[in-house]
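Below is one structure, written out as structure tokens, with a few remarks after it.
Protein chains: 2
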Amino acid sequence: MFEQLGLVGCGLMGGSFALALKRAGLVRDVVGFSPSASTRDRALAMGVVDAVAATAADAARGSDLVLVAVPVAATQTTLTAIAGVLSATALVMDVGSTKTDVVAAAERALGQAISCFVPAHPIAGKEVAGVAHADPALYTHCQVILTPTAATGATQLAQADALWRALGCRVRHMSAPAHDAALAAVSHLPHLLAFAMMNAIAAQPEGADFLSVAGPGFRDFTRIAASDPAVWRDVLLANAAKVLSQIARFRTSLDVLEHAISHGDAAGVESLIRQASDARASWSLGAPPTTK
Amino acid sequence: MFEQLGLVGCGLMGGSFALALKRAGLVRDVVGFSPSASTRDRALAMGVVDAVAATAADAARGSDLVLVAVPVAATQTTLTAIAGVLSATALVMDVGSTKTDVVAAAERALGQAISCFVPAHPIAGKEVAGVAHADPALYTHCQVILTPTAATGATQLAQADALWRALGCRVRHMSAPAHDAALAAVSHLPHLLAFAMMNAIAAQPEGADFLSVAGPGFRDFTRIAASDPAVWRDVLLANAAKVLSQIARFRTSLDVLEHAISHGDAAGVESLIRQASDARASWSLGAPPTTK
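Note that the protein sequences, when read in sequence, are chains A and B. Just so we're on the same page, my numbering is the position in the first sequence counted from 1, plus 1210. Just so we're on the same page, my numbering is the position in the second sequence counted from 1, plus 1210.
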């Protein structure tokens, strides 16, 4: 049980975290800061926060738990703003989709308070943004990756583990670079492909008419294309090297399939689809790594 | 109300059609043929068919409604097999995801019986194949594209319209080439990208570990990657020219996004994501074409 959550960033991710903690009875008070006045008002009206703060530091001051839920490129500025007011025993986490840049930002920003910080990535989300969509069940059953460093406090790490587990999440520890390599492949790449495909279709004169016959397969494939532009701008740039490497691997795979199609190689096309189909059919959400 | 449905191909699509017609009280008897003995047995045991036929012709003989639900490359052989036994007033449809090749196959195979044939594509499906997954609700609320030609009988076309509407579908008429151009963009391309991405990830030494942290975005994006290899081999090859054209357009769109990422162009990356996000957010399943 935490006395006070200082919520810095009251959007979908931050707002859902506050609601989840309240529902689970894990926090007494939530003090929230958002740079947007309308978000602050909405968060208060929805009961996501109990009080609004004028600055990020005001939200963090006196809080034994601080969640920084901002686009990842804003992490360093945000942590710098709160570094001076953190108590030595506070637990501070983020929810960013990249971790190497977040760890580096925390090391630059937090000074001695670095021991308070547990880099966290709950692998959950929605194709809509903003506090209006905050949902206390957003994190239920999701996987949370923590990427502690040598400077991370053992107490804070244990608290972070317990907190996410209490919300119904599975918790896994990885290094920040290992996290970013994995997420580049299974999250950043599919987002980027969905963005590129939507733009490719919309750029055609017949695009609107084409879209009118799109069915449930298209709906599910492109759901992530509706993601928040500021959040995903930061993710793709923060993890650019690994994302570009995954694009290169994808292009090679696309080349092979395209070559088989353009040469009318029925056995080759079927074999490539079967590989993909078998790989997807044997995958399930949240399953541990399989050995081959 | 039809007296007898001759079902040629008792997989997911055909089996679901039979169950839907039975549930709606639109057919008295279903006689089914599958080249697979285990499929025939299963279809009979599940009540998908009331009787099994030894050949496609035996299923079609005496049927006032015939559904050909086979991989599209098998269409011509199948129609040739049944052409001689069709009554002049029968309604014959397929459910293939490509239409230009199906129309050409029908013209070659059916002779005078071409007036019986209404090329149909119900835009529905599942990421699993086979009669075991047949579902009477598969087509409910889906869009069905009919691509009649000058040779299509007016009576049969009206019957086809009424039949699909009675199953709860929205029906639209298009030319076969217009259908294939649209589906190349909004269905064949996303399937192909999902296949290529699954293969690209699985080909990496860390692939299995990467997949273990994949979340709900990945799950939805790759759902169609688990589609039936034989069905999709035929679709991609039958519509190869239009599919290759969509791949080229996609590559251009990917190039633009990749260039912005590799040059750290934050405004450019955000603008490209915003285009995609706005396009996806303004789309909804089954909505009519929007004018810009």
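Just so it is clear, CB atoms sit at the ideal spot from N, CA and C, and this is done for glycine as well. All values reported here derive from a predicted model rather than from experimental measurement.
Just list the alpha helix (DSSP H) runs in the segment 1379 to 1462 of chain B, keeping only unbroken ones of 4 residues or longer that don't cross its boundaries, in chain order. 1386 to 1393, 1399 to 1412, 1417 to 1421, 1426 to 1431, 1439 to 1448
8 Å contact criterion, which residue 1323 of chain A and residue 1293 of chain A should meet: CB distance rounded: Within the first sequence, residue 1323 of chain A is the residue found at index 113, counting from 1. Within the first sequence, residue 1293 of chain A is the residue found at index 83, counting from 1. Their Cβ separation, rounded to whole angstroms, is 5 Å, which keeps residue 1323 of chain A and residue 1293 of chain A in contact under 8 Å.
Starting from the C-beta of residue 1291 of chain A, find all residues in its chain whose C-beta is less than 6 Å away, skip the five residues before and the five after it, and write them out in chain order. Walking along the first sequence from the start, residue 1291 of chain A turns up at place 81. Correct list, in chain order: 1266, 1267.
Residue ranges of each beta strand (DSSP E) run of no fewer than 3 residues wholly in the segment 1336 to 1376 of chain B, ordered along the chain? 1353 to 1356
Excluding the 5 residues preceding and the 5 following residue 1374 of chain A in the sequence, name in chain order all residues of the same chain whose CB lies nearer than 6 Å to its CB. Walking along the first sequence from the start, residue 1374 of chain A turns up at place 164. For residue 1374 of chain A, where only same-chain residues beyond five positions count, the Cβ hits under 6 Å are 1354, 1381.
When you compare each of B:1475, B:1391, B:1372, B:1223 to residue 1415 of chain A by their alpha carbons, which one comes out closest? Translated into the one-based positions of the first sequence, residue 1415 of chain A becomes position 205. Here the closest residue by C-alpha is B:1391.
If you follow the alpha helix (DSSP H) that residue 1250 of chain B is part of, which residue opens it and which one closes it? Working through the second sequence from its first residue, we reach residue 1250 of chain B at position 40. Residue 1250 of chain B -> alpha helix (DSSP H) spans 1247 to 1256.
With a cut-off of 8 Å on the beta carbons, I'd call residue 1283 of chain A and residue 1444 of chain A a contact; round off their distance for me. Position 73 of the first sequence holds residue 1283 of chain A. Position 234 of the first sequence holds residue 1444 of chain A. So it is a contact: roughly 4 Å between Cβ atoms.
Run through chain B and tell me which residues come within less than 7 Å of residue 1324 of chain A, C-beta to C-beta. Within the first sequence, numbered from 1, the residue matching residue 1324 of chain A stands at position 114. Chain B residues near residue 1324 of chain A: none, gap ~25 Å exceeds 7 Å.
Please classify residue 1473 of chain B: does DSSP put it in a helix, a strand, or coil? Mapped onto the second sequence, residue 1473 of chain B falls at position 263. Here residue 1473 of chain B sits in coil by DSSP.
What does a CB cutoff of less than 7 Å around residue 1234 of chain A pick up in its chain, not counting 5 residues either side in sequence? Locating residue 1234 of chain A in the first sequence gives position 24, where the first residue counts as 1. Within the same chain, residue 1234 of chain A has close Cβ partners 1376, 1377.
Per DSSP, what kind of secondary structure is residue 1272 of chain B in: helix, strand or coil? Here the question's residue 1272 of chain B lines up with position 62 in the second sequence. Reduced to three states, the DSSP call for residue 1272 of chain B is coil.
For residue 1250 of chain A and residue 1242 of chain A, believed in contact at Cβ under 8 Å, the rounded distance: Position 32 of the first sequence, counted from the start, is the residue given in the question as residue 1242 of chain A. Position 40 of the first sequence, counted from the start, is the residue given in the question as residue 1250 of chain A. Yes, they are in contact, since the Cβ atoms of residue 1242 of chain A and residue 1250 of chain A sit about 7 Å apart, within 8 Å.
Using 10 angstroms around the beta-carbon of residue 1398 of chain B, count the other beta-carbons present and answer buried if the total reaches 16, otherwise exposed. By 1-based counting over the second sequence, the position of residue 1398 of chain B is 188. When all chains shown are included, residue 1398 of chain B counts as buried.
Check whether the segment 1481 to 1499 of chain B and the segment 1419 to 1435 of chain B are in contact - that is, three or more C-beta pairs closer than 8 Å. no
Could you work out which residues of chain B lie near residue 1460 of chain A, taking near to mean beta carbons separated by less than 8 Å? In the first sequence, counting from the first residue as 1, residue 1460 of chain A sits at position 250. Within chain B, the residues near residue 1460 of chain A are 1406, 1407, 1410.
At what residues does the beta strand (DSSP E) containing residue 1217 of chain A begin and finish? The count along the first sequence starts at 1 and reaches residue 1217 of chain A at position 7. Taken as a continuous stretch (DSSP letters only), the beta strand (DSSP E) holding residue 1217 of chain A covers 1212 to 1218.
Is the segment 1405 to 1414 of chain B in contact with the segment 1302 to 1312 of chain B, if contact means three or more CB pairs nearer than 8 Å? no
Check residue 1326 of chain A in the structure and name its three-state DSSP category. For this step, residue 1326 of chain A is matched to residue 116 along the first sequence. Residue 1326 of chain A falls in the helix class under three-state DSSP.
Span of the alpha helix (DSSP H) holding residue 1320 of chain B? As a first step, residue 1320 of chain B is located in the second sequence; it is residue number 110 there, counting from the start. 1310 to 1320 is the span of the alpha helix (DSSP H), which, as asked, contains residue 1320 of chain B.
Please report the distance separating the alpha-carbon of residue 1339 of chain B from that of residue 1490 of chain A. Position 129 of the second sequence, counting from 1, holds the residue named residue 1339 of chain B. Position 280 of the first sequence, counting from 1, holds the residue named residue 1490 of chain A. One C-alpha to the other measures close to 14 Å.
Does DSSP put residue 1242 of chain B in a helix, a strand or coil? On the second sequence, residue 1242 of chain B is found 32 positions in, with the first residue counted as 1. Here residue 1242 of chain B sits in strand by DSSP.
Neighbouring residues, chain B, relative to residue 1241 of chain A (Cβ below 7 Å): The residue given as residue 1241 of chain A occupies position 31 in the first sequence. Under the 7 Å cutoff, chain B gives no residues; its nearest Cβ is about 29 Å from residue 1241 of chain A.
So, with DSSP's three-state summary, where would you put residue 1333 of chain B? In the second sequence, counting from the first residue as 1, residue 1333 of chain B sits at position 123. Coil, per DSSP.
Close beta carbons around residue 1238 of chain A, own chain, < 8 Å, minus the five adjacent residues each side: Looking up residue 1238 of chain A in the first sequence gives position 28. Only 1211, 1212, 1213, 1214 meet the Cβ criterion.
For residue 1361 of chain B, which residues of its own chain have a beta-carbon under 7 Å away from its beta-carbon, when the five flanking residues on both sides are left out? One-based indexing of the second sequence puts residue 1361 of chain B at position 151. Excluding residues within five positions, the ones whose Cβ falls inside 7 Å are 1324, 1325.
Output yes or no for whether 9 Å exceeds the beta carbon distance between residue 1349 of chain A and residue 1329 of chain A. Within the first sequence, the letter at position 139 stands for residue 1349 of chain A. Within the first sequence, the letter at position 119 stands for residue 1329 of chain A. Not in contact: residue 1349 of chain A and residue 1329 of chain A (Cβ atoms no closer than 9 Å).
What's the call for residue 1261 of chain B, buried or exposed, on a 16-neighbour Cβ count within 10 Å? Locating residue 1261 of chain B in the second sequence gives position 51, counting from the first residue. Result: exposed.
Residue 1231 of chain B - containing alpha helix (DSSP H), residue span: As a working note, residue 1231 of chain B is residue 21 in the second sequence. That run of the alpha helix (DSSP H) goes 1222 to 1233.
What are the residues of the segment 1430 to 1448 of chain A that lie near chain B, defined by any Cβ-Cβ distance shorter than 7 Å? 1430, 1431, 1432, 1433, 1434, 1435, 1436, 1437, 1439, 1440, 1442, 1443, 1446, 1447
First through last residue of the alpha helix (DSSP H) which encompasses residue 1289 of chain B: For this step, residue 1289 of chain B is matched to residue 79 along the second sequence. Per DSSP, residue 1289 of chain B belongs to the alpha helix (DSSP H) from 1285 to 1293.
Residue 1244 of chain A and residue 1221 of chain A - do their beta-carbons sit closer together than 9 Å? Counted from its first residue, the first sequence places residue 1221 of chain A at position 11. Counted from its first residue, the first sequence places residue 1244 of chain A at position 34. It is a contact, given that the beta carbons lie within the stated cut-off.
Chain B within 9 Å of residue 1384 of chain A, Cβ atoms only: Residue mapping note: residue 1384 of chain A aligns to position 174 of the first sequence, counting from 1. With 9 Å as the cut-off, residue 1384 of chain A counts as an interface residue toward chain B.
With burial defined as no fewer than 16 other Cβ atoms inside 10 Å of the residue's Cβ, what is the status of residue 1462 of chain B: buried or exposed? In the second sequence, the residue the question calls residue 1462 of chain B occupies position 252. Residue 1462 of chain B comes out exposed.
How about residue 1426 of chain A and residue 1334 of chain B: are their beta carbons less than 9 Å apart? Taking the first sequence and counting its residues from 1, one reaches residue 1426 of chain A at position 216. Taking the second sequence and counting its residues from 1, one reaches residue 1334 of chain B at position 124. For residue 1426 of chain A and residue 1334 of chain B, yes; Cβs fall inside 9 Å.
Please compile the residues from chain D whose C-beta is within a distance smaller than 9 Å of the C-beta of residue 1416 of chain A. You won't find chain D in this structure, because its protein chains are A and B.
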